[in-house]
Amino acid sequence: MLGQSPRGSFFSNPPAGSEVYGPVGGENKFYPLHEVCQDVDGTIIPQSGYGETICSTVGNEFKRLHNEAMGVANDDDMVVCVGSCGVSGRSIAQLQKGASPELYNRVETFLAGVAEACAADGVEFEVIGVIYLQGENDNSASTTYYAAQSQTMWQNLINSCKAASGQTFDPIYLINQIGNTYINTMGVPQAQNRLPEQADKTILVGSYQGLPNPGAHLCSNSYRKLGCLFARELWRYYSGNGDFTFRILKAVHREDKVYLSLTPRVAPLKFSAVYDKWTETLHADKGITLSDGAGTFSPEDFSVEIVSDRVIRINASRALTGAVTVSLGDKSHNGTHNISDSSNEVGGLNWVYGINGQYTQENIPSLVNKPYALNNFAAIQQIQSEEIKYVS
8 MLGQSPRGSF
18 FSNPPAGSEV
28 YGPVGGENKF
38 YPLHEVCQDV
48 DGTIIPQSGY
58 GETICSTVGN
68 EFKRLHNEAM
78 GVANDDDMVV
88 CVGSCGVSGR
98 SIAQLQKGAS
108 PELYNRVETF
118 LAGVAEACAA
128 DGVEFEVIGV
138 IYLQGENDNS
148 ASTTYYAAQS
158 QTMWQNLINS
168 CKAASGQTFD
178 PIYLINQIGN
188 TYINTMGVPQ
198 AQNRLPEQAD
208 KTILVGSYQG
218 LPNPGAHLCS
228 NSYRKLGCLF
238 ARELWRYYSG
248 NGDFTFRILK
258 AVHREDKVYL
268 SLTPRVAPLK
278 FSAVYDKWTE
288 TLHADKGITL
298 SDGAGTFSPE
308 DFSVEIVSDR
318 VIRINASRAL
328 TGAVTVSLGD
338 KSHNGTHNIS
348 DSSNEVGGLN
358 WVYGINGQYT
368 QENIPSLVNK
378 PYALNNFAAI
388 QQIQSEEIKY
398 VS
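Quick note, the sequence shown lines up with residues 8 to 399 if you use the numbering used here.
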């Protein structure tokens, strides 16, 4: 990492004119990657609300996967540097290049610092991936607005990385969706769902929906699991592989039935329990909201079943009429749902409990000391169903 923390300084409310990454320790120098707690001014302290990032998990898991592929204990020729350039509690407009204050400058000063540290060590560097996690402060925005802002952010970040390293190829761009209690309207998750089709080499890893949390931010184990998911996707695409976004591809209906075609990474589809904050939850409606021209169905008025490896059927209590809409993981379900694939992948880290400062609710017997499960969940989504009519 650059400096003595993976997030640098000035990540909360940078002083005017100090919108810089600010490596902790004051030098553009590399240190072994690890997590620390920091005060709002960037000072390292024993305990604070600014603790676990996904940086260490992403870096260590990516390197583990690389080493395994190479068949070595450690490939000394590959050194991974990860940094967290974000600023807490901001909208995407506030983070854009050219905004005032120029919070985006944290990205460019981080890249400049990496270049300086590499030059001092006599090595070159490339940016292989950018992870963009944001949207919570825009959760009432429209799909059109957030999609346009996202494309601008993607292009600026790609350009900044290439300019700093001199590389000619675009880094992989990884995003996820907001979820849990951050879900308000469906505008932002819909825009995030579509970005891979609008921006080259963009990967929607999924949502953090359903990971244990106290409300709003995640707990440390959930951040580590999220980091494992990002590292896996980064490695998968870096090594020349990839997958289509796991989501609802199409919805069709006739009479009282709706059929959803999905694209699971590993078929068949499954209904898997998630966590609504700390409570393990398997929704009766699996996290689906069904509405038509006559209104919104209550969960008791329809059932959900898997009818083939990639198809879900919704059985309504009456014939559907007018425009039919299916929402998955919406606000009425606290931004969670239960539709997953059958992947049995696990991370290289275990769920940990017993560290000073952890939430007591992280002591989940079914998870503690077990590897993080990396099965995939469908994207949070809203889709219009197409009516199938009889042909006489």
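Here a beta-carbon is modelled for each residue, glycine too, at the ideal position from N, C-alpha and C.
Bear in mind the structure is a predicted one, so any value in this text is a computation, not a measurement.
>> Restricting to Cα atoms, I'd like to know which of S157, Q216, T64 and Y397 is closest to K104.
In response: Here the closest residue by C-alpha is S157.
> How would you write the range of the beta strand (DSSP E) that G234 sits in, first residue to last?
Replying inline: Per DSSP, G234 belongs to no beta strand (DSSP E); it is in the alpha helix (DSSP H), S227 to Y245.
>> Just to confirm the assignment: which complete alpha helix (DSSP H) runs, minimum length 4, are found wholly within the region 87-152?
In response: 99-102 and 112-128
>> Taking 6 Å as the limit between beta carbons, can you name the residues of its chain near T192, skipping five residues before and five after?
In response: S147
> In chain order, what residues of the same chain lie with their CB nearer than 7 Å to the CB of R97, ignoring the 5 residues before and after it?
Replying inline: L110 and N144
>> Quick check: R317 and A258, are their CB atoms within less than 8 Å of each other?
In response: no
>> Taking only three categories from DSSP, how would you classify T343?
In response: coil
> Is the beta carbon of C62 sitting closer than 8 Å to the one on G32?
Replying inline: It is not a contact, given that the beta carbons lie outside the stated cut-off.
>> Residues in the same chain with beta-carbon distance under 8 Å from P306, minus the five sequence neighbours each way, listed in chain order, please.
In response: H290, A291 and D292
> Can you round the beta-carbon distance between G336 and I387 to whole angstroms, since I take them to be within the 8 Å contact cut?
Replying inline: 4 Å
>> Which residue wins for smallest C-alpha separation from T303, given the options L118, S339 and S268?
In response: S339
> A238: buried (16+ other C-beta within 10 angstroms of its C-beta) or exposed?
Replying inline: When all chains shown are included, A238 counts as buried.
> So what does DSSP say about F69, is it helix, strand or coil?
Replying inline: helix
> Between the C-alpha atoms of D84 and V314, what's the straight-line distance to the nearest angstrom?
Replying inline: Here the alpha carbon of D84 sits roughly 49 Å from the alpha carbon of V314.
> Where do the N-terminal and C-terminal ends of the beta strand (DSSP E) with R325 fall, by residue?
Replying inline: For R325, no beta strand (DSSP E) run applies, since DSSP gives it neither H nor E.
>> What would DSSP say about I313, mapped onto helix, strand or coil?
In response: I313 carries a strand assignment under DSSP once its states are collapsed to helix, strand and coil.
> What span of residues does the alpha helix (DSSP H) with N200 cover, start to end?
Replying inline: First-last of the alpha helix (DSSP H) with N200: G194 to Q205.
> Considering only C-alpha positions, which residue in the set P13, P221, E115 and Y244 is nearest to A170?
Replying inline: E115
>> Please report the straight-line C-alpha distance between T288 and S279, rounded to a whole angstrom.
In response: Near 9 Å, if we compare the C-alpha coordinates of S279 and T288.
> Taking the alpha carbon of N322 as the point to measure from, which residue in S298, T151, A23 and A206 has its own alpha carbon closest?
Replying inline: S298
> Apart from the five residues on each side of it in sequence, which residues of its chain come closer than 6 Å, Cβ to Cβ, to L374?
Replying inline: W358
>> Tell me the rounded alpha-carbon separation between L269 and G194.
In response: 20 Å
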